[in-house]
Amino acid sequence: MQSLKIYNTLTREKEVFQPINAPYVGMYVCGPTVYNYVHLGNVRTFTTFDILYRYLTHIGYKVRYVRNITDVGHLVGDGDEGEDKIGKMAKLEKLEPMEIVQRYTNDFHQVLTQFNLLPPSIEPSATGHIVEQIETTQTLIDKGLAYESNGSVYFDIAKYNEQGGGYGKLSGRVLDDLLTETRDLDGVGEKRNPLDFALWKKAAPEHIMRWNSPWGLGFPGWHLECTCMSTKYLGETFDIHGGGMDLKFPHHECEIAQGKGSTGKDPVRYWMHSNMLTVNGQKMSKSLGNSFLPAELFAGSHPLLDQAYSPMTVRFFMLQSQYRSTLDFSNDALKAAQKGYKRLMNGLRIIKQLEYVADDTLTPDEKHISEVTKGIQGCYDGMNDDLNTAITIANLYNLLKKINQLYMGQLQPAQLGVTVFAALKTTFVSLIEEVLGLIEEKNNNIEAFANGMLALYSEYKAAKQYDKVDQIRTYFKANGLVIKDMKTRIDWAYEE
RNA sequence: GGUCUUGUGGCCGAGUGGCUAGGCAGAGCUCUGCAAAAGCUUGUACAGCGGUUCGAAUCCGCUCGAGACCUCCA
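Counting in the numbering used here, the first sequence runs from 1 upward without gaps.
Now the structure itself:
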């Protein structure tokens, strides 16, 4: 098995990945809050973990991939005082909260499918785990790490750290500093400490999403769902937890606190965070209003775009950088990616058709063999080095040169030998399709082709070249179409 | 203000203390009815200033610039 190194946010180091229970791997990724359309920045994060999921599977692990849908509890604005995002949209659009959830969940799934992301093994939702969230809240109260206050329940960070919890460890924050920074803020209100976060919130009368609990009508806090669902499906300690960089604090910090507080164990072995997508050097985000919707990209309708870009172009574009670097989004970069992607796809078509031809008159060419071997190794070295897809792609281009040479007859398969040739073919195809998830975007527009052929048909017909005419008819028929040669005009139709 | 990241050739984007990343664009050549594709060749790159070192774009310090988190965000 390949030796994969992962950058662990917790230790700030690249570590060799060793699952708790090989070959099984448990992996949790924070999914979207479905109150709005997903934008491209979101897509980058999910693509990063799609690559991880694909690569782990490719090198032989059996992965359980859990990615949640947040459909309650995520509040608008400051801390724990805002409105529920979904509830707010529901009121705004005069719909049931679950209609909002369904609409944007559908959008989310559709977009990810377009980008060829694999579905997770389990996709749990927060509202489907209210019971678990109440139970965990109760456990934390029982352990003295949470307290009820006016119908809401808060996690007691000071208590947690007194017991050696280490709140702030993941994001590199010092508790005292955090306390100092927030000391002057007012509106502490129900909390003992401004840093304490909500496990359960009392529902105000106008709040439409609410459930019964030991503390009255309310709804769960945002951070709690991930703890409950990851624990339920992956266990109290599991292998990998991923998400966007911006979730590191406070969300993931709180998850650790909740998990460790309730079970006494660190919930996660490897924390992974993908970096932001930027536009003109600034983070793409909904609140900054500089986000791109996938649909705008595919249509080329965003004011900053001067043409449309296909899903695979964008996927390829994202993979040209490493997931921990910020990636800047621009027309020039996307155009370059489009060409590069197509060149790679041409190579894919070629290698799939190439067959090995034995030839005793040719001797193995050590230079070519070593270049191909290095290219193959380089692809895996790239993936193994914290999913450095940029390196993998660079090596794929080196292999592509060999493939083109084979295609042009400048290099013969026999010069590589049957083993190296087969390895070239297998590596190139499986890495591109299975691991990077880049697939051909076929042009399904038969209209233009059929019309072009029809024009030729008319010319041959006029010239009485009936052998050509028959040939074209046969070609149409083979593709499920018929030519309708009428008195007034010539047209084609689907064969009935 | 605190914590952290970052500054690579026309554009994007990897990277290691000494050995060509790669893509796109540009130039030349080969091939070619034309064209395209492809192959080959080609580019005074590593923000600035100091320091460590036989040697630094890569380590250290300072200066300047950019960004992220500290509040909702993938």
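The beta-carbon is built from N, C-alpha and C at its ideal position, and this holds for glycine as well. Note that this is a predicted model, so its numbers are computed, not measured.
Take the alpha-carbon of N346 and the one of V153: they are about 58 Å apart. In this structure, P220 lies away from Q138, with their beta-carbon atoms at least 8 Å apart.
Beta-bridge analysis with DSSP links R67 to V29. Going by C-alpha positions, G168 is about 13 Å away from L247. Of S3, N8, M1 and K374, the smallest CA-CA separation from W271 is found for N8. Looking only at K91, V279, S370 and A394, the smallest Cα-Cα distance to P303 is reached by V279. Taking a C-beta distance under 8 Å as the contact criterion, N384 and Q2 qualify as a contact pair. Here F449 is exposed: its Cβ has fewer than 16 other Cβ atoms, across all protein chains shown, within 10 Å.
When secondary structure is reduced to three states using DSSP, E190 falls in the coil class, being assigned neither helix nor strand.
When DSSP states are grouped into helix, strand and coil, S230 belongs to the helix group. About 6 Å separates the beta carbon of V29 from that of G243, a gap short enough to meet the 8 Å contact definition. With 16 or more neighbouring CB atoms inside 10 Å of its own CB, P120 falls in the buried class. The Cβ-Cβ distance between L195 and I134 does not fall below 8 Å. Annotated as proximal: L436 and L319, with beta-carbon spacing under 8 Å. Judged by DSSP in its simplified three-state form, N445 adopts coil rather than helix or strand.
The DSSP-derived three-state label of H302 is coil. Q415 counts as buried, since at least 16 other C-beta atoms from the protein chains shown sit within 10 angstroms of its C-beta. Annotated three-state conformation of K283 is strand, per DSSP. With three or more CB-CB distances shorter than 8 Å, the region 221-240 counts as touching the region 257-274. Around the Cβ of S287, a 10 Å sphere holds fewer than 16 other Cβ atoms; the residue is exposed. Here H252 carries a helix assignment [DSSP, helix/strand/coil].
Distance from G41 to S291 at the Cβ level is roughly 6 Å; contact confirmed, criterion being Cβ atoms closer than 8 Å. Taking the Cβ atoms as the reference, W222 lies roughly 57 Å from L411, outside the contact range of under 8 Å.
Between the region 141-151 and the region 89-96 there are fewer than three inter-stretch CB-CB distances shorter than 8 Å, so the stretches are not counted as touching. A direct Cα-Cα distance of roughly 40 Å separates Q465 from Y356. By the neighbour-count criterion, in which a residue is buried when 16 or more other Cβ atoms sit within 10 angstroms of its Cβ, M209 is buried. Here K265 is exposed, its C-beta having fewer than 16 other C-beta atoms within 10 Å. Counting along the chain, the unbroken beta strand (DSSP E) around V482 starts and ends at L481 to D485. In the three-state scheme derived from DSSP, where H, G and I count as helix and E and B as strand, Y147 is classed as strand. Here the region 94-109 does not lie against the region 473-488, with fewer than 3 beta-carbon pairs under 8 Å apart.
The C-beta separation of M284 from L293 comes to about 11 Å, leaving the pair out of contact by the 8 Å criterion. Y53 is positioned such that its CB atom lies no closer than 8 Å to that of P19.
Just measuring C-alpha positions, the residue of D84, D71 and G382 sitting nearest A204 is D84. Secondary structure remark: continuous alpha helix (DSSP H) runs of at least 4 residues inside the region 90-173, in chain order: 97-114, 130-142 and 157-162. In this structure, L117 sits away from T11, with a CB-CB distance that is not shorter than 8 Å.
Inter-residue distance for E255 and L224 is about 7 Å (C-alpha atoms, whole angstroms).
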